[in-house]
Structure formats: C-alpha cells, structure tokens
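All letters in the sequence shown, in the order written, are residues 24 to 260 by this note's numbering.
Written out below as structure tokens is the structure these notes cover.
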Amino acid sequence: MIYKVLPILVFFLSSFNSNEIKTSRNATLPISTLKFKTTNRTFEDQVVLIYSNLHKNNLAIPKLESFKKALKGFYEMKEKGFIKKDILTLIDFSLSSNTKRLWVIDLATNTILFNSLVAHGRNTGEEFANSFSNAAESFKSSLGFYATGEIYIGKHGMSLKLDGLEKGINDNARNRGIVMHAADYVSNFFIKAHNRLGRSQGCPALPAEFTTEIINKIKGKSCLYIYYPTTKSKSIS
C-alpha cells in the first residue's frame with residue numbers, strides 16, 4: 024500500500040470541483056464526488072461509471088482492475104500534492120509485451136490520448152513480465168506509482184526522468200536512471216523478427232514515433248502507474 028500515512032477509510036477529493044465527466048445520459052458527474060469508504064462501494068461504483076464512459080478515440084481500453092487501482096492512486100497522489108496534472112499514464116505488465124499495454128488518459132476530459140507498446144526490463148521476463156526489483160544493476164522493471172519529472176536529452180534522445188513514490192518498491196528509480204525514452208526494439212518489426220518485444224535495462228521504453236508526443240504530454244508531475252497483479256509475481260525485491 025502506498026503512503027501508509029494516508030487515511031485508508033475515506034478519500035475526500037475536494038480539489039477537483041471544476042472537472043466533470045460526461046455520462047451516457049448526458050448528465051455530468053463531478054470528479055470531486057468520488058470518495059472511497061471501506062463500508063460501501065461508492066468509489067468503486069463511480070470508477071466503473073468513469074471507465075464505462077471513457078472516450079476511446081478508436082483505441083483499446085485498459086482492464087478495469089488495473090484502471091481502478093490506477094485511479095485510486097492518482098487521487099491519493101493528487102490529494103497529497105505529489106502530482107499536479109490530470110493526466111494518468113497506466114502500464115499493465117500483466118499483458119504480453121507484444122500488445123499495446125501503455126495508456127495515457129486525460130482525466131479532465133475522460134479521454135484516452137495514447138495506447139502504445141512499452142518495454143519491460145530484460146531481467147523482468149521474456150514476452151511476459153514476472154520479476155521486478157528496486158535494486159541498481161538488476162535490469163528489472165519496478166512496479167507502482169511514479170511522478171513524472173523533467174525532460175533531458177541523453178543517449179536515447181529525448182528522455183523523461185521518473186520519481187518512484189513507493190518506498191522499497193520503486194523509490195530508487197531516479198538513482199537507477201529509470202527513465203522513459205525511445206528505443207528501436209519497441210516496434211512491431213522487432214516483434215515479427217523475435218516473437219516478442221525488445222527489452223530495456225528497466226526503463227519503460229517507447230516506440231520512437233510516439234516518444235516525443237507522449238513525453239511532452241506527461242512531463243512535469245503527472246501520474247504514472249505500472250500495474251501487475253502482485254499475488255502472481257515471482258519476486259518483488
């Protein structure tokens with residue numbers, strides 16, 4: 024659980040009064056009405072409503088379970104000031120690396136902006152991710168919630184620094200040099216040649232043709248969440 028000091032009984036989301044979600048009945052659902060209590064299903068019900076009304080832009084949508092966890096964490100992080108933008112990037116590492124398993128979602132308009140391939144670390148698995156680490160030189164991906172940082176130009180061109188926000192899970196990301204960057208091994212051509220996507224040294228690497236656009240959209244304190252059903256994980260260290 025991230026940030027154990029946060030209240031676990033109630034989330035009050037009063038900072039989102041100006042944001043609304045259009046429902047299928049042409050009504051509006053203020054994001055500020057979202058709240059979570061262990062004794063009822065108000066938050067979960069409203070997450071399902073938001074999920075069912077995502078504007079897809081002819082793109083695939085993430086699984087409900089990963090979206091639910093991502094959205095809950097997004098509001099938690101926004102409430103504490105760790106993120107500043109209403110942009111959520113969700114990576115689902117329970118899916119095959121041969122599928123588009125990264126989504127960028129504008130929560131102010133409830134719109135999916137991007138759905139892309141994304142690499143995991145070379146020691147995290149072959150086609151499927153199954154082993155994760157926060158350790159330097161592990162060449163593994165780290166799970167959990169991140170705040171996006173600043174852009175810099177490195178050996179992979181435009182890259183985006185990431186700050187892991189979960190102690191012991193991903194908080195070593197910046198020191199490890201875990202960043203978002205372009206890679207030529209993140210492509211359908213590579214998949215056809217090798218029967219799987221290429222792998223990084225732990226970075227969530229992107230296709231070169233989308234990297235600039237995605238990085239410019241999510242830079243500067245937006246939420247990035249890397250999901251995996253941890254009960255099935257081989258190791259988290």
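All residues carry an ideal CB built from backbone N, CA and C; glycine is no exception.
Test item: CB-CB of residue i and residue j under 8 angstroms
i	j	result
ASN146	ASN193	no
TYR250	LYS92	yes
LEU87	ASN138	no
PHE151	SER182	no
GLY187	ALA205	no
Cβ neighbours of residue i in the same chain (closer than 6 angstroms, five flanking residues each side left out)
i	result
PRO252	SER117
ILE214	ASN121 and LEU220
CYS246	PHE97, MET100, ILE106 and LEU111
ILE259	Residue placement at ILE259 cannot be trusted, given a pLDDT of 41 that sits under 50; what the coordinates show is reported in the next sentence. Excluding sequence neighbours, ILE259 sits near PHE155.
Contacting residues, own chain, Cβ-Cβ under 8 angstroms from residue i (five flanking each side not counted)
i	result
GLY191	ASN157
Neighbourhood of residue i by C-beta distance below 7 angstroms, restricted to the same chain and skipping five residues each side
i	result
LYS240	ILE110, VAL127 and LEU136
LEU57	With a pLDDT of 47 at LEU57, under the threshold of 50, the modelled position of this residue cannot be trusted; read the value that follows with caution. Same-chain partners within the cutoff: LEU36, PHE66, GLN69 and TYR98.
LYS163	GLY144, ASN146, THR147, SER154, PHE155, SER156 and GLY225
ASP115	PRO85, LYS86, SER89, ARG124 and TYR250
GLY172	LEU183, LYS184, LEU185 and ASP186
Bounding residues of the beta strand (DSSP E) (the contiguous stretch that carries residue i)
i	result
VAL202	202-204
ALA170	167-177
Residue-level contact to chain B via CB, residue i, 8 angstroms cutoff
i	result
ASN195	In the structure shown, chain B cannot be found, because there is only a single protein chain.
Boundaries of the alpha helix (DSSP H) in which residue i is found, first to last residue
i	result
ASP115	ASP115 -> not in any alpha helix (DSSP H); beta strand (DSSP E) instead, spanning 110-115.
SER89	87-103
Collapsed DSSP secondary structure at residue i in the structure displayed
i	result
GLY243	coil
SER164	coil
PHE66	helix
SER139	strand
TYR248	strand
Supposed contact pair residue j and residue i - C-beta distance, whole angstroms, cut 8 angstroms
i	j	result
ILE176	LYS242	Not quite, the Cβ-Cβ distance comes to about 13 angstroms (not below 8 angstroms), so this is no contact.
ALA196	LYS244	About 15 angstroms separates the two Cβ atoms, so there is no contact after all.
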